[in-house]
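In this note's numbering, the protein residues as written are 291 to 466. Don't be surprised by glycine CBs; every beta carbon is placed ideally from N, CA and C. Some notes on the structure that comes next.
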Ligand SMILES: [Mg+2]
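Printed below as a string of structure tokens:
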């Protein structure tokens with residue numbers, strides 16, 4: 291399980307990834323977590339900045355989906371306004387719902403999110419590339435997410451103890 295919590299890579303925000311390079315490398319489908327990855331609870335619909343970011347990704351040639359554990363009331367306004375695919379109540383880190391959204395070409399998919407215990411774990415179980423971003427603003431977290439972040443810290447410490455080289459390479463930039 292511990293190794294399944296290690297992301298393929300870590301970046302400071304969704305905007306810090308080189309999407310042109312990812313497209314050239316063969317990636318075609320981007321699955322984004324919503325809260326604290328693309329936006330925060332301070333917003334109940336996409337602002338102009340998020341809309342133009344998503345449009346840039348579409349222009350490169352990506353299909354974009356939002357895969358959130360939040361309910362439809364929270365998630366659907368973003369899916370509709372941005373004109374993307376995806377689903378509410380994804381139940382990450384389980385992968386049943388996600389599997390209904392993706393094809394079989396796992397090598398072409400990147401899942402991007404801010405939590406190890408939901409986003410990264412789900413991506414690694416699916417067998418797609420997992421990208422961890424720094425959360426936008428943890429003060430907007432709901433209670434359950436705050437709890438998850440404490441649990442996440444426990445697992446990060448275990449990874450550091452058991453796989454120090456992996457920790458240094460993939461997690462240190464986010465957790466120190
Ligand atoms: Mg999140």
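- Looking at 320, 438, 462 and 310, the one whose alpha-carbon comes closest to that of residue 375 is 320.
- Less than 9 Å separates the beta-carbon of residue 304 from that of residue 322.
- With distances taken between CA atoms, residue 292 lies nearest to 410 out of 341, 410, 318 and 398.
- Using a 10 angstroms sphere on the CB of residue 454, the tally of other CB atoms stays under 16, which defines it as exposed.
- Sequence-distant Cβ neighbours of residue 366 in its own chain, meaning closer than 8 Å and more than five residues away, are 378.
- Residue burial annotation: residue 359 is buried, with at least 16 other C-beta atoms found within 10 angstroms of its C-beta.
- The segment 413 to 432 makes contact with the segment 382 to 401; the number of CB pairs closer than 8 Å reaches 3 or more.
- Assigned with DSSP and collapsed to three states, residue 340 falls in helix.
- For residue 419, the enclosing beta strand (DSSP E) stretches over residues 419 to 423.
- DSSP places residue 355 in the uninterrupted beta strand (DSSP E) bounded by 353 to 357.
- Rounded to whole angstroms, residue 460 and residue 434 show a C-alpha spacing of 25 Å.
- Closest in C-alpha terms to residue 450, from the list 317, 465, 370 and 422, comes 465.
- With distances taken between CA atoms, residue 428 lies nearest to 329 out of 329, 383 and 348.
- With a 10 Å radius around the Cβ and a threshold of 16 neighbouring Cβ atoms, residue 390 comes out exposed.
- Judged by beta-carbon spacing, residue 318 lies within the 9 Å limit of residue 352, meaning their Cβ atoms are closer than that value.
- Judged by DSSP in its simplified three-state form, residue 403 adopts strand.
- Of the candidates 441, 325, 393 and 337, 325 places its Cα closest to the Cα of residue 424.
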